[in-house]
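Residue 328 in the numbering used here is what sits at position 270 of the sequence shown, and the numbering runs on without skipping anything. We treat Cβ as the ideally placed atom computed from N, Cα and C, and that holds for glycine. To keep things clear, I will list the structure first and then write my remarks on it.
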Amino acid sequence: MTEQTPTTELVQWVALSLVPALGGKTIQRLLDHFETLDAVFAASEKDLRAVPRIGPKLAAAIRALDLDRTRADIARWQADGITILGPDALPSPLRTVDDAPPVLFCRGLDPLPDGRAAAIVGTRSPTPASSELAAALGEALVSHGWTVVSGLAAGIDTAAHQGALRGGGHTLAVLGSGVNVIYPPENTALASAITRQGALVAEVHPDTDPTSAALVARNRLISGLSTVVLVIETGTTGGSLHTVRFAHAQKRTVFACDNAAPGNRQLRTSGAGIIPICIDKMDAFVNELLK
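So this is what it looks like as structure tokens:
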């Protein structure tokens, strides 16, 4: 990862992005109101509270931000191999998403792969056949120049990343923790391998432990970083269907494997495209995605 002196604008973006409960949409409201980041940081608490969704606590938190400390944190993270992307440096698919984060923390390739990308998602407890299919699909995708995006979870995510690595291509692992906190810990070796052929990506502070809210929120990034979402095996609840809902809102195309999993049946009934369940047909399926 490239170490460089952060611009004042990037320092401001990072500082705002790490204020608890201050999401990307509210930050955009601040910019719409004040027009520039400099004006946001110069505003009084009273002026900040004039912005929708900015109450006394958020206004006080913004006024308390220490940009010198943030600059020092950024320098420390960069020295540790972390790249920080501001809004204009986000991968192009993510820049089309309404609630994209203002900042991404990345550990791995710099710059991030920014071509065609496909999300592979599914249950943490798949059948052996589904795991094999996810790995084969990941390998087929990278052989055709796609980047594989998934969430580093056990099960389908793990198989998808492994398939992409086996194929010598790029893969992004979108975390519900900081990039310094690997979850689940049994995927530490896999995460290390991903940094050599792709990147670990997170919107939260690098040292943040995983939370249920962050694990759900990262699903919008998995779909947002991708142009298609491929569901291998899922039940009728859980993270895969969160990703599908985000994908629909982001106008991403969704495919589901033609298997008996209840979530897959539900998705096919509601109009998802079909992924064949024969490993030998993965190359043909990926070729169809290119059309």
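Runs of alpha helix (DSSP H) lying entirely within the stretch 59-127, each at least 4 residues, in chain order: 66-75, 82-92, 95-100, 103-106, 114-121
Is S208 helix, strand or coil when you go by DSSP? Indexing the sequence shown from 1 puts residue 208 at position 150. Strand, per DSSP.
Report the rounded CA-to-CA distance for G196 versus P114, giving the unit in angstroms. As a working mapping, residue 196 is identified with position 138 in the sequence shown. As a working mapping, residue 114 is identified with position 56 in the sequence shown. Their Cα atoms are separated by approximately 47 Å.
Using only alpha-carbon positions, find the residue among R121, D90, F99 that is nearest to P110. Mapped onto the sequence shown, residue 110 falls at position 52. The residue with the shortest Cα to Cα distance from P110 is D90.
Rounded distance between the beta-carbons of C315 and I280, thought under 8 Å: Locating residue 280 in the sequence shown gives position 222, counting from the first residue. Locating residue 315 in the sequence shown gives position 257, counting from the first residue. With 8 Å as the limit, I280 and C315 do not qualify as a contact, their Cβ atoms being about 17 Å apart.
From the DSSP output, read off the bridge partner residues of C164. For the purposes of this step, residue 164 is taken as the residue at position 106 of the sequence shown. DSSP, once it has assigned bridges, lists T141, V259 as partnering C164.
Do you know offhand how far T229's Cα is from D126's? As a position in the sequence shown, residue 229 is number 171, starting the count at 1. As a position in the sequence shown, residue 126 is number 68, starting the count at 1. C-alpha separation (whole angstroms): 34 Å.
Measure the Cβ-Cβ separation of P151 and T285 and say whether it is below 7 Å. Taking the sequence shown and counting its residues from 1, the one referred to as residue 151 is at position 93. Taking the sequence shown and counting its residues from 1, the one referred to as residue 285 is at position 227. Yes, the Cβ-Cβ distance between P151 and T285 is below 7 Å.
Distance between L258 and W135 (C-alpha atoms, nearest Å): Here residue 135 corresponds to residue number 77 of the sequence shown, with the count starting at 1. Here residue 258 corresponds to residue number 200 of the sequence shown, with the count starting at 1. Whole-angstrom Cα-Cα distance: 14 Å.
Proximity of N362 and G296 at Cβ, strictly below 7 Å: The shown model of the chain, from 59 to 349, leaves out residue 362, and the question about it has no answer.
Would Q308 be called buried (16 or more neighbouring beta carbons within 10 Å of its own) or exposed? Residue 308 sits at position 250 when you count from the first residue of the sequence shown. By the neighbour-count rule (16 or more Cβ atoms within 10 Å), Q308 is buried.
Kindly indicate the opening and closing residues of the alpha helix (DSSP H) around I332. By 1-based counting over the sequence shown, the position of residue 332 is 274. Run containing I332: none in the alpha helix (DSSP H); it sits in the beta strand (DSSP E), 331-333.
If you scan the stretch 222-304 from start to end, which runs of the beta strand (DSSP E) of 3 or more residues do you find wholly inside it? 229-232, 256-260, 286-289
Give the single residue among T63, D157, Q62, I132 whose Cα lies nearest to the Cα of L80. The count along the sequence shown starts at 1 and reaches residue 80 at position 22. Residue D157 is the option with its Cα nearest to L80.
Bridge partners - F313, DSSP secondary structure assignment: Walking along the sequence shown from the start, residue 313 turns up at place 255. According to DSSP, which records beta bridges pairwise, F313 is partnered with L288, G331.
Would you report the Cα separation of G221 and R87, rounded to the nearest angstrom? Counting from one through the sequence shown, the residue named residue 221 turns up at place 163. Counting from one through the sequence shown, the residue named residue 87 turns up at place 29. Roughly 41 Å between the two C-alpha positions.
Below 7 Å CB to CB, which residues in the same chain sit around L299 once its five sequence neighbours on both sides are set aside? In the sequence shown, the residue the question calls residue 299 occupies position 241. T292, G321.
Rounded to whole angstroms, what's the CA-CA distance from E346 to L199? Just pull it up for me. Start at 1 with the first residue of the sequence shown, and residue 346 comes out as number 288. Start at 1 with the first residue of the sequence shown, and residue 199 comes out as number 141. If you take the alpha carbons of E346 and L199, they lie about 11 Å apart.
In or out: A73 buried (at least 16 other Cβ within 10 Å) or exposed? Residue numbering aside, residue 73 sits at position 15 when the sequence shown is read from its first letter. Buried, by the Cβ-count rule.
Classify E93 as buried or exposed, calling it buried when 16 or more other Cβ atoms lie within 10 Å of its own Cβ. Numbered from its first residue, the sequence shown carries residue 93 at position 35. Its Cβ having fewer than 16 others within 10 Å, E93 is exposed.
As assigned by DSSP and simplified to three states, the class of A193: Residue numbering aside, residue 193 sits at position 135 when the sequence shown is read from its first letter. Three-state DSSP puts A193 in a helix.
Looking at L288 and F304, is the spacing between their C-beta atoms short of 7 Å? Residue 304 sits at position 246 when you count from the first residue of the sequence shown. Residue 288 sits at position 230 when you count from the first residue of the sequence shown. Going by C-beta atoms, F304 is not nearer than 7 Å to L288.
Simplified DSSP assignment, three categories, for V155: Numbered from 1 along the sequence shown, position 97 holds the residue referred to as residue 155. If DSSP states are grouped into helix, strand and coil, V155 belongs with coil.
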